[in-house]
Structures are given as C-alpha cells and as structure tokens.
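Presented below is the structure to which this report refers.
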Amino acid sequence: MKPRYYFTRLYVALSILVNVVITATEPQALGYKVLTETGPLGWLCVGILGCLALIAVMDVLINDLAPEAWHLPTAIRWRPITYMLLATGIASYVFVIIDAVGFTWLTLTYFLDASVAVVVGVLDLFYRRGAK
Amino acid sequence: MNLTYLRVCLRAMLWLLWTPALAVSIFLGLSPSIAVAGAVIVITIDGGTSIPLSLIIINTFLASLSGGTALVLRIDKELGREPGKRLVRPWLFCAAHMLGSWLAGALAFLMCQGTAWDVWYRLGFVIIASFLGAKFIELVAEKFTGSKALQEKIT
Numbered sequence: 001m002k003p004r005y006y007f008t009r010l011y012v013a014l015s016i017l018v019n020v021v022i023t024a025t026e027p028q029a030l031g032y033k034v035l036t037e038t039g040p041l042g043w044l045c046v047g048i049l050g051c052l053a054l055i056a057v058m059d060v061l062i063n064d065l066a067p068e069a070w071h072l073p074t075a076i077r078w079r080p081i082t083y084m085l086l087a088t089g090i091a092s093y094v095f096v097i098i099d100a101v102g103f104t105w106l107t108l109t110y111f112l113d114a115s116v117a118v119v120v121g122v123l124d125l126f127y128r129r130g131a132k
Numbered sequence: 001m002n003l004t005y006l007r008v009c010l011r012a013m014l015w016l017l018w019t020p021a022l023a024v025s026i027f028l029g030l031s032p033s034i035a036v037a038g039a040v041i042v043i044t045i046d047g048g049t050s051i052p053l054s055l056i057i058i059n060t061f062l063a064s065l066s067g068g069t070a071l072v073l074r075i076d077k078e079l080g081r082e083p084g085k086r087l088v089r090p091w092l093f094c095a096a097h098m099l100g101s102w103l104a105g106a107l108a109f110l111m112c113q114g115t116a117w118d119v120w121y122r123l124g125f126v127i128i129a130s131f132l133g134a135k136f137i138e139l140v141a142e143k144f145t146g147s148k149a150l151q152e153k154i155t
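Protein sequences, first through last, are from chains A and B. Residue numbers for the first sequence, in the working numbering: 1 to 132. Residue numbers for the second sequence, in the working numbering: 1 to 155.
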C-alpha cells in the first residue's frame, strides 16, 4: 500500500474538490440549485469543504511528493481527521439534497466519495501507527 | 509493537461505519417497490410527521461519521501518547462511541423535525450532537470504569 498510497488520497481529495467547484460554478448542477434555494449558509459550508479539500491536496503534494525537508508533520498528524471531516462535509451534501428534492441517484457519487474518504482516513491511521 | 487490538478496533469501526452503507444498498435494491409506496415512512410525532426513509439513512450515516471522527481522535490520542498501549475490549470501545453518536444523532434529528429550522442548522445540529454523544459516552465510560479498566499495557 505504501508506495502508491498517496494516489488514493490525491484522487479522493481532488474528486471532492472537483465536486465543490462544479457545485459552486455550474448552474445546471443539482448542488448549485439546492444551494441557491437553501440560502447563504450553504455557500459558507461549501467554502469550508473546498478549503478542506485543498488542504488534503496540499498535504499530498507537500508530504508525499516534495522533498523530505519540506514535510509538514502537523498535516500528517491531522490527516485522519481531515479525511473524516471531508467525508462528513460531502455527506452533508446528500442530507441537504435529499431534504430539498428527495432521494436521487445523483447522490451516489457523494456517498462513494464519503465512504472512500473514511476508509482512507482510517487506513492512514492504521498505517501510520502500524509502521512503527 | 503489538497492534492486534488496534487492528480489531479499526476493523470494528470500519464494519460499523459500513453498516449504514449496507442499509443504503438494501434500500436501493428495494427502491422500485418502495418507490411505488412513496419511499416514506411515517413516524408519529405531534400527530404525525412524514420523514423520507432516505433522510433517515443519511442521518444515520452522518451520525456514524461524527462518531467515527470522535473514535479516530481518541485512538490517535491514546496511541500517540503511549504507542505501547492497547485497548481492552475494542469492540465494546467502538460500539460505545458509535451507539452514543447514533443515539444522539437520532434524538437531534427527531427534535429538529418539530422545528422550522433552516436545513443547514438542522444538519449542523445533528453532526455536533452526534459528535458530542460519542464524546459523552467516552467520558461516562472513563468515569465509571476508569481508564485502567479500559486499557492495559502490552504484555
């Protein structure tokens, strides 16, 4: 799992970031429509989720791809929590969408991202502790 | 380092987290027949409130995520402080967190149904309540069973 493990994290973080960008910029997107209907607080939550996704992407770039001298131990220590929060944030989309328009198959994408983010976060904790 | 109990603990957590996902899968598998019935179950609160089944499932999923976050924080803290430690009865340890979050999440969700709160406030309330529910159970377990009873050093 170790050598190419960061690919999984990078994919999850980028997938969530892309979802946030689509939600914020594409008027035809379901998320955009729901956010427009539910008021300004939703945009704040989407902004926070985007920041978290950016942190996760930067974590991969700095701690996995950059030279070791540039590593940020704080980001590594908080990595499982970052991914758990990412999962919670993306699952929040589903809650809001279902509340606004009812169940739709489009929410499966969010479920998938949230589930993989949880697995990545827990596996990272396991890997980090198990590596000692 | 003997990580047997950590592995059991994380496995239990993963299993518990996937339980709502399994429920979603079953729901999706049954969706054609459920859709005919309206995909709505009725819980009688103040004379009757209709709650979509899918909303209950995602609420459970969110509560699981909050409880899982509390559990990950706790495990990380324990092992970061003293890597040699292991958790006694990890299934109980995980189940306490997850059940605490589910209970708090369900109560918060039902409370919110009777209010006219904005969906984002309801969402935040459920997430925070689930997290605090898991933390509360953790504190209660610490108080009544003691940390020494919950943990042992590796033999």
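Glycine included, every Cβ here is placed at the ideal spot set by N, Cα and C.
{"query": "With H, G and I counted as helix, E and B as strand and the rest as coil, what does DSSP make of residue 73 of chain A?", "result": "helix"}
{"query": "Considering only the alpha carbon of each residue, which of A:107, A:55 and A:15 lies closest to residue 74 of chain A?", "result": "A:55"}
{"query": "Using a Cβ-Cβ distance cut-off of 8 Å, determine whether residue 45 of chain A contacts chain B.", "result": "yes"}
{"query": "For a cutoff of 8 Å on Cβ pairs, would you count residue 41 of chain A as touching chain B?", "result": "yes"}
{"query": "Does the beta carbon of residue 84 of chain A come closer than 8 Å to any beta carbon on chain B?", "result": "yes"}
{"query": "Let me know the secondary structure DSSP gives residue 67 of chain A once reduced to three states.", "result": "coil"}
{"query": "Put residue 118 of chain B into one of helix, strand or coil per three-state DSSP.", "result": "coil"}
{"query": "What did DSSP end up calling residue 28 of chain A once you bin it into helix, strand or coil?", "result": "coil"}
{"query": "What residue range is occupied by the uninterrupted alpha helix (DSSP H) comprising residue 47 of chain A?", "result": "40-60"}
{"query": "Check distances from the C-beta atoms of the segment 5-19 of chain A to those of chain B and list, in chain order, the residues that come in under 9 Å.", "result": "none"}
{"query": "With H, G and I counted as helix, E and B as strand and the rest as coil, what does DSSP make of residue 103 of chain A?", "result": "coil"}
{"query": "Whose CA, out of B:136, B:64 and B:129, lies closest to the CA of residue 156 of chain B?", "result": "Chain B is shown from 1 up to 155; residue 156 of chain B falls before or after that span and cannot be answered."}
{"query": "List the endpoints of the continuous alpha helix (DSSP H) containing residue 102 of chain B.", "result": "90-113"}
{"query": "If residue 133 of chain B sits next to residue 118 of chain A, beta carbons under 8 Å apart, how far is it from one beta carbon to the other, in whole angstroms?", "result": "Rounded, the Cβ-Cβ distance is 18 Å, inconsistent with contact."}
{"query": "With 16 other CB atoms within 10 Å as the buried threshold, where does residue 7 of chain A fall?", "result": "exposed"}
{"query": "Is it buried or exposed for residue 72 of chain A, if we count other Cβ within 10 angstroms and need 16 for buried?", "result": "exposed"}
{"query": "Would you say residue 109 of chain A faces chain B, with C-beta separation under 8 Å as the test?", "result": "no"}
{"query": "Quick check: is the beta carbon of residue 93 of chain B nearer than 8 Å to any beta carbon in chain A?", "result": "no"}
{"query": "Taking 8 Å as the cut-off, decide whether the C-beta atoms of residue 107 of chain A and residue 94 of chain A are in contact.", "result": "yes"}
{"query": "Quick check on this structure: which residue in A:43, A:58, A:49 and A:34 has the alpha carbon closest to the alpha carbon of residue 113 of chain A?", "result": "A:49"}
{"query": "State yes or no: is the C-beta of residue 126 of chain B within less than 8 Å of the C-beta of residue 70 of chain B?", "result": "no"}
{"query": "Assuming residue 121 of chain A and residue 119 of chain B make a contact with CB atoms under 8 Å, what is their CB distance in whole Å?", "result": "The pair is not a contact, with the Cβ atoms about 26 Å apart (cut-off 8 Å)."}
{"query": "Shorter than 8 Å from the beta carbon of residue 61 of chain B to some beta carbon of chain A?", "result": "yes"}
{"query": "List the residues of chain A that residue 69 of chain B touches, going by C-beta distances under 8 Å, in chain order.", "result": "81, 84, 85 and 88"}
{"query": "With a cut-off of 8 Å, does the C-beta of residue 171 of chain B fall near any C-beta of chain A?", "result": "Here chain B covers residues 1 to 155 and nothing more, so residue 171 of chain B does not appear."}
{"query": "When the Cα atoms are used, what is the spatial distance from residue 19 of chain A to residue 89 of chain B?", "result": "39 Å"}
{"query": "Cutting at 6 Å between CB atoms, please list the residues of its own chain near residue 9 of chain A, excluding the five before and the five after it.", "result": "60 and 120"}
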